[in-house]
Ligand SMILES: Nc1ncnc2c1ncn2[C@@H]1O[C@H](COP(=O)(O)OP(=O)(O)O)[C@@H](O)[C@H]1O
Ligand SMILES: Nc1ncnc2c1ncn2[C@@H]1O[C@H](COP(=O)(O)OP(=O)(O)O)[C@@H](O)[C@H]1O
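Protein chains in written order, with my numbering: chain G, 1267 to 1375; chain L, 1267 to 1375; chain E, 438 to 578; chain U, 438 to 578.
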């Protein structure tokens, strides 16, 4: 997995790519939570995710919950088929706000 | 199960018949151990046993061990096919002295 | 996968014979020969004895037996509401160490082709599966 | 019953990808379609994660994976030397109670057709069996 943050307007966009598993998810989790702790609305870009396991999903849920607590916008964007499959198994595809890409979210704000 | 004791010369012959299971084996066990505690060489007649489970086999092993401790003769006689099958599964068919019937044992003394 | 038979009895020694009767009838109906039927009766009896003696350990509770006839095997499912047991908690003794007890697990493993704990619907108690394959389909564990 | 593949790795997160690779290759070779292969990889990964996180709980130890190809099903056997676990100790959470964690058991049960703990040869540790039937042979647990 690689994880990086870009800024788009006032949004932090966390791009996770590759395999998100128990080994790599702590890094993605830290980045997501850091953006929210900084008070930024945050989008997580999952378009290049080839694999995500329950520990990766748990990191997204943590971000989702922290954002709600902080009253910050939080959404997933460009969810890959591999990631969407796992979100569906977790019945979370209807829980997370999901957008086609960063622009789609920004346009809707 | 029914259990009864007959005397043959100085031997106690404990006849167990029917199904020896967790429910009934305590009764057979008590009888066998009582004969040995009385200081009698003891034969257990299993010719009418239609079923025996591990608790029944455990009672026989207890008798076998108490007899050895007390230096008393102990053997199984007329072991039914059902009982022999279970003794074989337990690898005890070569451990217990086994005779065709009471007479065969008495003749061999 | 057809459930052929169900039986629920209190986990007490005096009910073991009812369990044996169900196993005997189901195993005969499935087509096993006399010796095999007799062994299956013993194995299921021993597993239920262990539920009574070690699972409930004197407490009250139900034992539910289900017989499932599969194309290649007959399966006996034994459900209890005792404390959860790990498969490795079954301690089969060395048969050379002759002492009373410690034979049940040995009988079960020797007789059955597959022994395993399945999930229970509500994550309580235990659900033991004992399978015997038809002759020729045997896969030993 | 042919053991197709064996892999032993230390129970550490950085070795999970090796496990996933073996599962992927075996499931593809068995003939499952892309979606099913992806799910099987996830299920075995989750079971191994649980061994790391809950079984060994930070201690060191091996995870051994065996893939067994049966005529009607592929079986993944996961062996550990952690403390014995009862099947009912797996606590799947209610999916409506949204919180981080508590998804692995749900994934495993949803994806696999059969989940059970088998006896280990030496009565230590655990041997988890995860089976997936060929399309058309499915028997849901
Ligand atoms: N259902 C069970 N629940 C808990 N422990 C069990 C169960 N079945 C077997 N065991 C364990 O395995 C051991 C061996 O069982 P077994 O071979 O039947 O002999 P015995 O019952 O005479 O001890 C038991 O003493 C017990 O510790
Ligand atoms: N191999 C195992 N050893 C011990 N406990 C386990 C094991 N697998 C699952 N569990 C139990 O089941 C619970 C649910 O597991 P899971 O659904 O994977 O979620 P999580 O691992 O996030 O808690 C765990 O918290 C643990 O208590």
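Note that beta-carbon positions come from the ideal geometry of N, C-alpha and C, so glycine has one too. Only a predicted model underlies this, so the values are computations on that prediction, with no experimental measurement involved.
Are residue 1397 of chain L and residue 1327 of chain L closer than 9 Å when you measure CB to CB? The structure shown does not extend to residue 1397 of chain L, since chain L is modelled only from 1267 to 1375, so the question has no answer here.
Between the Cα of residue 549 of chain E and the Cα atoms of E:454, E:444 and E:464, which residue gives the shortest distance? E:464
What did DSSP end up calling residue 1311 of chain G once you bin it into helix, strand or coil? strand
Please list the segments of the alpha helix (DSSP H) lying wholly inside the segment 474-534 of chain E, counting only runs of 4 or more residues, in order along the chain. none
Is there a Cβ from chain U that is less than 9 Å from the Cβ of residue 571 of chain E? no
Integer-rounded CB distance, given that residue 456 of chain U should sit under 8 Å from residue 485 of chain U: 5 Å
I'd like the list of long-range same chain contacts for residue 467 of chain E, defined as Cβ closer than 7 Å, with 5 residues on each side in sequence excluded. 506 and 511
Counting contacts by CB-CB distance shorter than 9 Å, is residue 485 of chain U in contact with chain E? no
Kindly examine ligand 2 and report whether one of its heavy atoms sits closer than 8 Å to the Cβ of residue 486 of chain U. yes
Interface residues of chain U facing residue 552 of chain E [CB-CB closer than 9 Å]: 555 and 556
Put residue 576 of chain E into one of helix, strand or coil per three-state DSSP. With a pLDDT of 49 at residue 576 of chain E, under the threshold of 50, the modelled position of that residue is not reliable, and the figure given next carries that caveat. Correct three-state label for residue 576 of chain E: coil.
Taking its Cβ as the centre, do 16 or more other Cβ atoms sit within 10 Å of residue 536 of chain E, making it buried, or is it exposed? exposed
Amino acids of chain G, ordered along the chain, whose beta-carbon sits closer than 7 Å to that of residue 451 of chain U: 1289
Helix, strand or coil, according to DSSP, for residue 568 of chain U in the structure here? strand
Three or more beta-carbon pairs under 8 Å between the segment 441-449 of chain U and the segment 556-574 of chain E, yes or no? no
Nearest CA to the CA of residue 1318 of chain L: which residue from E:518, E:496 and E:480? E:480
Where does residue 450 of chain U sit, in a helix, a strand or coil, going by DSSP? helix
Chain U partners of residue 528 of chain E, CB-CB under 8 Å? 560
Is it the case that the CB of residue 530 of chain U approaches a heavy atom of ligand 2 more closely than 8 Å? yes
Hey, quick one: how far does the alpha helix (DSSP H) through residue 1272 of chain L stretch, first residue to last? Looking at the DSSP string, residue 1272 of chain L is not in any alpha helix (DSSP H); the run it does join, the beta strand (DSSP E), is 1268-1274.
Distance check for residue 1341 of chain L and residue 1325 of chain L, CA to CA, integer angstroms please. 13 Å
Is the beta carbon of residue 543 of chain U closer than 9 Å to that of residue 555 of chain U? no
Which residues, taken in chain order from the segment 1341-1361 of chain L, show a beta carbon closer than 8 Å to some beta carbon of chain E? 1348, 1351, 1352, 1355, 1356, 1357, 1358 and 1361
Could you tell me the distance, in whole angstroms, from the CA atom of residue 1306 of chain L to the CA atom of residue 1299 of chain L? 10 Å
Segments assigned beta strand (DSSP E), at least 3 residues, entirely inside the segment 1332-1368 of chain L: 1340-1343
Residues in the same chain with beta-carbon distance under 7 Å from residue 488 of chain U, minus the five sequence neighbours each way, listed in chain order, please. 448, 500, 515, 517 and 519
Span separating the alpha-carbon of residue 1358 of chain L from that of residue 474 of chain E: 21 Å
Residues in its own chain within less than 7 Å of residue 569 of chain U by CB, not counting five upstream and five downstream? 477, 510, 511, 549 and 550
Let's test the definition: count the other Cβ atoms within 10 Å of the Cβ of residue 545 of chain E and tell me whether it reaches 16, buried, or not, exposed. buried
Let me see if you follow: with CB-CB separation under 9 Å, is residue 517 of chain U close to chain G or not? no
Only counting the same chain, and skipping five residues up and downstream in sequence, which positions put a Cβ closer than 8 Å to that of residue 539 of chain E? 528, 529 and 530
Alpha-carbon to alpha-carbon, residue 482 of chain E and residue 1323 of chain G: 45 Å
Starting from residue 1284 of chain G, follow the beta strand (DSSP E) in both directions and report where the run begins and ends. 1277-1286
What residue from L:1289, L:1333 and L:1330 has the CA that sits closest to residue 433 of chain E's CA? This structure gives no information on residue 433 of chain E, because the portion of chain E shown stretches from 438 to 578.
Measuring only the C-alpha atoms, how far is residue 1335 of chain G from residue 497 of chain E? 48 Å
Would you say residue 1327 of chain G reaches chain U, if we count a Cβ-Cβ gap shorter than 9 Å as a contact? yes
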